[in-house]
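Worksheet for the structure shown next.
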Amino acid sequence: MDIETILSHAGSQWDRLTGAISTPIYQATAYKHPYLGYEGDFSYSRTLSPTRQALEQTLARIEGVDYAYTFSSGMAAVDTIFRLLKPKDKIIISEDLYGGTFRLLNQTYKSYDFDVLYIDTSDNDAVDKAFKGGATAVFVEMPTNPLLKVADIRYISALAKKAGALLIVDNTFLTPLNIRVFDYGADIAVYSATKYLSGHNDVLAGAVAVKDSVLAERIQFTQNAVGAVLAPFDAWLLLRSLKTLSVRLSKQSENAIKIAQFLAEHPAVEQVNYPGLADSPFYERLKSQSAGFGAMLSFWLKSSERVADILRSVKVWTFAESLGGVESLITYPLTQTHSSIDANILERLGINDRLLRLSVGVENVDDLITDLKNVL
């Protein structure tokens, strides 16, 4: 079936006991064992719960793979992936990435002494150079946060396979609805499911999908051993949200291109970062890999003088850190999402005091544009 059909039926044909259209919330931690030597499908909710199982089966289906696992947050999911690696392993990673991933690598995993190489993964020459001497893993944001750069996943996959490296793609912004990264050679897909997969700013969750059974077994072992798993109620909320992902993301993306076009013409704006603009350097590349351009964009103001006023004065937009929800959010990456990154690195990348990031929601687009026009 088409991914839209799978999403709209998320968990709705799962409960064979009652035939409930909505998967029940099994708010249980322990399960009765049928007899000695056989625990049944469920034994303890940290290992698996029926509601979480329905969610993970749905996520695996929309990815086109056999295995998916859900976690208590996106960072818990990323942490589980990094636990696959050994001390001193070489990791190639997108340089303008979410600050939480940077913090995890550079502080939490500092004792692992990973050989981390931050590069512009949208630059194939830089990717070629990075792979000289091999690599253990490549971690790519698709597209990057907050500058919306787009990597050539096919190209990186070919180099990763030649080097025997894992290709990990953070597909939070585009979701499997736009791009199924396994079709382009990825080994692991990771998500902050808090964002578009949930879409209502009411669930904290992470997800990992994987194709290889050996990798899947290792991820499942770590998930159970560490225990940063998704609770039954949150799993149910996420299942509910998946049913509307298609219509939400379609509307958000439709709004995003109109807002990007408005900003590109505004005299107070220096540059808009949105791969859906026809003059974007990443337009053709993303179009060749994705069914859509997503609903995230960022832009540089010509001056930083009015940033504080803009963030304080918006009425339809909300000044907040997250993204992917039905409500439109405006974020200041320098002090919010990327504050844990060294100031010199931020300046070099252009994550400065003039950069604003937008997560476009489902409101009337004229209201969103009018609000921006008023504050700009």
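Residues 203 to 578 in our numbering are what the sequence shown spells out, letter by letter. Glycine is no exception: its CB is placed at the ideal position from the N, C-alpha and C atoms.
- The count of Cβ pairs closer than 8 Å, one atom from the stretch 299-316 and one from the stretch 433-442, stays below three, leaving the stretches out of contact.
- If you compare the alpha carbons of L219, L250 and P236 with that of Q229, the shortest gap goes to L250.
- For the pair A367 and T338, the CB atoms are nearer than the 7 Å cut-off.
- The Cβ atoms of F495 and P477 lie closer than 7 Å to each other.
- Restricting attention to G526, V562, I321 and L238, the CA atom closest to the CA of H402 is found in G526.
- Counting along the chain, Y485 sits inside the alpha helix (DSSP H) bounded by residues Y485 to Q491.
- In this structure, V383 is the residue among P434, V567, E241 and V383 with its C-alpha nearest to the C-alpha of V410.
- Shown here, W438 sits in a helix according to DSSP, grouped into three states.
- Per DSSP, Q473 lies in no alpha helix (DSSP H); the unbroken beta strand (DSSP E) holding it starts and ends at V471 to N475.
- For R559, the uninterrupted beta strand (DSSP E) run begins and ends at L557 to S561, by DSSP.
- A contact is defined here as three or more CB-CB pairs under 8 Å, and the stretch 268-278 fails this definition with respect to the stretch 510-520.
- Exclusion of the five residues before and after E565 leaves V518 and S530 as the residues of its chain whose Cβ lies within less than 7 Å of its Cβ.
- According to the DSSP assignment, K364 belongs to the alpha helix (DSSP H) that extends over I355 to A365.
- CA-to-CA, the gap between L349 and A437 works out to about 31 Å.
- Its chain contains T374, L525 and G526 as the residues whose beta carbon lies nearer than 6 Å to that of K397, once the 5 sequence neighbours on both sides are disregarded; these appear in chain order.
- About 5 Å separates the beta carbon of I370 from that of F341, a gap short enough to meet the 8 Å contact definition.
- Annotation: the continuous alpha helix (DSSP H) that includes T424 extends over S415 to V428.
- Apart from sequence neighbours up to five positions away, the residues of its chain that approach D389 with a beta-carbon distance below 6 Å are L368 and L369, ordered along the chain.
- Runs of alpha helix (DSSP H) with 4 or more residues, each lying fully within the stretch 328-404, are found at 355-365 and 377-380, listed in chain order.
- Counting other Cβ atoms within 10 Å of its Cβ, F333 reaches 16 or more and is therefore classed as buried.
- By the CB criterion at 7 Å, K292 and D327 fall outside the cutoff.
- Here P378 is near E265, since their CB atoms are less than 7 Å apart.
- In terms of Cα proximity to L432, the closest of R487, T253 and Y233 is T253.
- For V410, there is no enclosing alpha helix (DSSP H); the residue is found in the beta strand (DSSP E) stretching over G408 to V412.
- Scanning N347, P289, Q422 and I321 for the CA closest to the CA of Y314 turns up P289.
- When the beta-carbon positions are compared, E523 and Q538 come within less than 7 Å of each other.
- In the assembly as shown, R356 is an exposed residue. Its beta-carbon has fewer than 16 other beta-carbons within 10 Å.
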